[in-house]
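One line per chain: the protein sequences are P and E, in this order.
Per our numbering: the first sequence = residues 35 to 368.
Per our numbering: the second sequence = residues 361 to 856.
Ideal Cβ positions, reconstructed from N, Cα and C, are used throughout, including at glycine.
All values derive from a computational prediction rather than experimental measurement.
Below you'll find the structure, written out as structure tokens, and then a few comments.
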Amino acid sequence: MSASTQRLGGRVNSQTAINLLKSNPIFVAIAALAVVTSFVEPQFLTGENLNNIIRQFGTLIFAALGMTLVIMAGFLDLSIGGIIGLVAVVTVTLIDTVGQGPAILIGLSVGLGCGLLNSALIISSGALTQAESLFITYGMSLVYGAAALMYVQGVTQFLTYSKTSIALFDTINSGGIGFLSVSAMIFLVCLAILYVIERRTYAGRAIVLTGGNKVAARLAGIPISRSIVIIYSVSGVMAAIGAVVLVSRVTLADPTMGTPYMTQAILAVVVGGTALIGGRGSVMWTVVGTLLLILLNNCLNLLEVSTYVQYMLRGAILIMAIWLDRVKQTSVSK
Amino acid sequence: MVVASAPAALLTINDVSKAFPGVKALDHVTLEVRPGRVHGIVGENGAGKSTLMKILSGVYEKDSGEITFDGNVIDKVTPVESMHMGLAIIYQELNLVNTMSVGENVFLGRFAESGGRAGVHAKARALLDSIGCKVDTHKQVSELSVSDKQMVEIAKALSFDSKLIIMDEPSSSLTNDEMQKLIKIIHELKAKGIAIIYISHKLDEIFGFCDVVTVMRDGHVIDTRDVSSITRNEMISMMVGRTIENEYPPRPECAGETILEIKGISTRKLRDVKLTLRKGEILGLVGLVGSGRTELVRALFGADRVAGKSILLDGKPVEINSPKDAINLGLAMVPEDRKLQGLLLGFAVEQNISLAVLARLTKRGFIDTKGESSISDRQIKALNIKTPSGRTKIRSLSGGNQQKAILGRWLEMSPRVLILDEPTKGIDVGAKYEIYLLMKKIVEDGGSIILISSELPEVLHMSNRVNTICDGRINGEFDPAVASADEIMAKAFEFA
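What follows is the structure, encoded as structure tokens:
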């Protein structure tokens, strides 16, 4: 028995996977949709389309992994939309002045800085509820987005217009060893680090305890403020990594390019089974949730379902995921 | 032919079992209730009383066994169906719609067949009169006292021609007069041939007006006896599974020099409160809810912001700005509200226990999970916490065992000063006694305790010294071995 991995909420082993499939019809529904699509649209299983799926996975997964810790601690981070836009434009505009490597590092630092600023605002305002964190980070998302727009005067920045080398971005986008692309490697490293933090470290336990019951955790000496700093910093940095990967793929930076990711990331986390109220979840399940979400988008596109209906479906899935989690929780507690 | 002295059973519960994840809530329970009798059911928290009632009313489904009511086998019923069959339950928290009138509540959902507005009020009036209740049927339920609300519930039960009325701890929020009224009504219902199941913690009530009593423990029926043929001590030992000579262990010996001195704490509520605590002492803090007693210990523990605070530990001034600071100095606090402030309900027992020493279990950022398990196993064993394993979610444990787990959390760090705010609230006699023994052991090992409790006897029996707190000030000090309860209460109320 893998004792050590069973400690926290959503443990990962084959038996729970089966239980989860049983108790999570969303998984089954999306899987069924994929099967149907592969029959109706032979295009689905072409190499080109699968490649497409993996690429879309790229940006969203980084934002979603960061969001997982935030949600596990019982908070939300809506600022990642703004952070992605800001990091993207800062990185691209700095390539010519400081070089590509330093530009990426500065971009990541901007992400970290935004995260630290978020946590400072949340701690200093004494916000302890999810709703408060939602409004504060939404406000900050507008601030970061506006900062990005002011910085480039609303003009889209093209990576290919750079006068110096952008080889690093090319490598991130298309480089790789065997079938492991560079972005996939970055993803695996991030996942491994976050998973270890989540399962084995004091910081990870403090985060999930914070999500479980902030008052009780604080009275038992768990530093809540430190957890808040960690989750928002991680979320900021992960959004920044996502921004760099996104810029590498689309070869341009636009101040508003991050907007879709803030809701998609939350959706991916919740579909993966991390409880929106906090205290339970895992980055591993977020990987599954993200994959399912992208699969869903891809299938709907291939089946030529209108964008409006797709939006509606996404909303429905979010509500269903929360509702199913409720049902699961109430059936467990007597 | 039915013999008059032993009427046929109205309700037969035969070999009923029910399990929840990790807990066998009911284990082959068999019980008979006869019409015109008041059938008391007693047992500690977690004995299975509530589960049994919820199966009867259709809230839960039984796993096995058979239930017969009024000649019909009940298998799956909804709460509404069980009401129509003549089985009514009056829950402790009462199920009335506060924003509707008395009459509307009695005939909730049955307005049309009850003759509309006028009919509803006329019929409700008649039912209330039949139990001697004078409440105006047009009055909104939110304006009623708890006692009157219970009368409305009883009228509602009668409106269904109930043959069996189950009352779940009805006395818990009644005054003495109201209780007398309820007893009178119970006698009237009995005279009408209605059977009553009366669930209670209070033995006085069982001996006062019940005919038969069933004692439950750990999901089993221990025995069903005529009340006239059982003694009080017999009943207690059946409830707790052992003989208790005393409700409280002998008072621990107090020794020692001053360990903690509050030179002054001021908040919006507290006015320059001073307090001393000696080594090996249990200091009782008596005050009404809202007197500032909880604010005082929370301020001491660094849980709330304060206007001014000066504290000496071992004669040296210390800064306590957060619970973490307090813990690092060897202070510990079991907070007032177990569920909201103490427990992490969704987490395993061992994660709840390891909480206060988690930092010590961490090496270079990583938690030693093996050490965590062994710590929790040790506390589970030492405190006799009843749980299938350390991995079980603490949510599924009974209140007493949850409280012991919280105590275990703090014992693991061997606190120098342990603050206990209502440590035995809502837990049963047996677990209470175990907690008293633990308190005794803590002070004998050199720790000190500040005890807050609304149960005055508890404070009087356990403390070496009692301070009263009233309106944000410490206004009296007593030796509980000498002072009377009246004296102390008068001071806490500031009547003296």
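Around the Cβ of residue i, are there at least 16 other Cβ atoms within 10 angstroms (buried) or fewer (exposed)?
{"i": "Q134 (chain P)", "result": "buried"}
{"i": "E441 (chain E)", "result": "exposed"}
{"i": "A364 (chain E)", "result": "Legend: pLDDT at A364 (chain E) = 43, less than 50; position of this residue unreliable, value from coordinates given subsequently. By the 10 Å Cβ count, A364 (chain E) comes out exposed."}
{"i": "G43 (chain P)", "result": "At G43 (chain P), the pLDDT of 42 sits below 50, so the modelled position is not reliable; the number obtained from the coordinates is stated separately. G43 (chain P) comes out buried."}
{"i": "A226 (chain P)", "result": "exposed"}
{"i": "K634 (chain E)", "result": "exposed"}
{"i": "I328 (chain P)", "result": "buried"}
{"i": "W357 (chain P)", "result": "exposed"}
{"i": "M595 (chain E)", "result": "buried"}
{"i": "T131 (chain P)", "result": "exposed"}
{"i": "A182 (chain P)", "result": "buried"}
{"i": "H547 (chain E)", "result": "exposed"}
{"i": "S367 (chain P)", "result": "Note on S367 (chain P): pLDDT 44, under 50, position unreliable in the model; the coordinate value appears next. Label assigned to S367 (chain P): exposed."}
{"i": "I211 (chain P)", "result": "exposed"}
{"i": "R720 (chain E)", "result": "exposed"}
{"i": "N152 (chain P)", "result": "buried"}
{"i": "D586 (chain E)", "result": "exposed"}
{"i": "H498 (chain E)", "result": "exposed"}
{"i": "E338 (chain P)", "result": "exposed"}
{"i": "S733 (chain E)", "result": "buried"}
{"i": "S474 (chain E)", "result": "buried"}
{"i": "K436 (chain E)", "result": "exposed"}
{"i": "H399 (chain E)", "result": "buried"}
{"i": "A287 (chain P)", "result": "buried"}
For residue i, list the residues DSSP reports as bridge partners.
{"i": "D496 (chain E)", "result": "DSSP, once it has assigned bridges, lists no residue as partnering D496 (chain E)."}
{"i": "Y558 (chain E)", "result": "E:G400 and E:M527"}
{"i": "H580 (chain E)", "result": "E:R577"}
{"i": "I795 (chain E)", "result": "DSSP, once it has assigned bridges, lists no residue as partnering I795 (chain E)."}
{"i": "L447 (chain E)", "result": "E:L524"}
{"i": "G377 (chain E)", "result": "The question names Gly, yet the displayed sequence has Ser at residue 377 (chain E). According to DSSP, which records beta bridges pairwise, S377 (chain E) is partnered with E:S424."}
{"i": "N827 (chain E)", "result": "E:L645 and E:E837"}
{"i": "N432 (chain E)", "result": "E:F429"}
{"i": "Y392 (chain E)", "result": "The sequence given here has Glu at residue 392 (chain E), not Tyr. According to DSSP, which records beta bridges pairwise, E392 (chain E) is partnered with E:T372."}
{"i": "I671 (chain E)", "result": "E:I622 and E:V678"}
{"i": "F192 (chain P)", "result": "P:L286"}
{"i": "K384 (chain E)", "result": "E:A379"}
{"i": "R585 (chain E)", "result": "E:V573"}
{"i": "I809 (chain E)", "result": "E:I642 and E:L778"}
CB of residue i to nearest heavy atom of the ligand FMN: below 7 Å?
{"i": "L162 (chain P)", "result": "No copy of the ligand FMN appears in this structure; indeed no ligand is present at all."}
Pop quiz: residue i and residue j are said to be a contact at Cβ under 8 Å. What is the actual Cβ separation, rounded to whole angstroms?
{"i": "A686 (chain E)", "j": "G662 (chain E)", "result": "5 Å"}
{"i": "T125 (chain P)", "j": "A137 (chain P)", "result": "5 Å"}
{"i": "M598 (chain E)", "j": "I582 (chain E)", "result": "5 Å"}
{"i": "L660 (chain E)", "j": "I713 (chain E)", "result": "Incorrect: roughly 24 Å between the Cβ atoms, too far for contact."}
{"i": "V391 (chain E)", "j": "Y236 (chain P)", "result": "Per the sequence shown, the amino acid found at residue 391 (chain E) is Leu instead of Val. Actually they do not touch by this definition, with Cβ atoms about 51 Å apart."}
{"i": "A277 (chain P)", "j": "I118 (chain P)", "result": "4 Å"}
{"i": "P817 (chain E)", "j": "V826 (chain E)", "result": "Contact doesn't hold; Cβ gap of about 12 Å is too wide."}
{"i": "S269 (chain P)", "j": "I114 (chain P)", "result": "6 Å"}
{"i": "T324 (chain P)", "j": "F91 (chain P)", "result": "6 Å"}
{"i": "I554 (chain E)", "j": "K516 (chain E)", "result": "The Cβ separation is near 14 Å, so there is no contact."}
{"i": "G652 (chain E)", "j": "L630 (chain E)", "result": "5 Å"}
{"i": "D508 (chain E)", "j": "Q452 (chain E)", "result": "About 16 Å; that fails the 8 Å criterion."}
{"i": "L386 (chain E)", "j": "G579 (chain E)", "result": "5 Å"}
{"i": "T297 (chain P)", "j": "G306 (chain P)", "result": "Not really, about 15 Å apart at Cβ, beyond 8 Å."}
| Of all the residues that make up the region 254 to 279 of chain P, which are near chain E by a beta-carbon distance shorter than 8 Å? | So the list reads A254, G255, I256 and P257, given in the order they occur along the chain.
| field | Residues of the region 559 to 571 of chain E whose Cβ lies closer than 8 Å to any Cβ of chain P, in chain order | value | none
| Can you give, in chain order, each stretch of the beta strand (DSSP E) that sits fully within the region 608 to 652 of chain E and has at least 3 residues? | 618 to 626, 633 to 638 and 642 to 646
| query | What are the residues of the region 351 to 363 of chain P that lie near chain E, defined by any Cβ-Cβ distance shorter than 7 Å? | reply | none
| field | Within 7 Å of chain P by C-beta, residues of the region 656 to 683 of chain E in sequence order | value | A663 and P683
| Interface positions of the region 210 to 230 of chain P facing chain E (Cβ-Cβ less than 9 Å), listed along the chain | Taken in chain order, the members of the region 210 to 230 of chain P whose beta-carbon sits within less than 9 Å of a beta-carbon on chain E are V230.
| field | Residues, ordered as in the chain, of the region 693 to 709 of chain E that lie near chain P by beta-carbon distance below 8 Å | value | Taking 8 Å as the Cβ-Cβ cut-off, the region 693 to 709 of chain E approaches chain P at M693, P695, L700, Q701, G702, L703, L704, L705, G706, F707 and A708, given in chain order.
| request: Quick one: which residues of the region 401 to 429 of chain E get their C-beta closer than 9 Å to a C-beta of chain P? List them in chain order. | output: T411 and Y420
| 3 or more residues per run - each beta strand (DSSP E) lying fully within the region 677 to 729 of chain E | 691 to 694
| When you check each C-beta in the region 293 to 313 of chain P against every C-beta of chain E, which residues fall closer than 7 Å? | G313
| task | Compile a chain-ordered list of the residues in the region 143 to 162 of chain P whose CB is closer than 9 Å to at least one CB of chain E. | result | none
| query | Along the region 727 to 745 of chain E, what residues have a CB closer than 7 Å to any CB found in chain P? | reply | I727 and T729
| task | Entirely within the region 747 to 782 of chain E and at least 4 residues each: give me those alpha helix (DSSP H) ranges in chain order. | result | Contiguous alpha helix (DSSP H) elements confined to the region 747 to 782 of chain E occur at 759 to 771, taking only those with 4 or more residues.
| query | Which runs of the alpha helix (DSSP H), 4 residues or longer, sit entirely within the region 60 to 108 of chain P? | reply | 81 to 106
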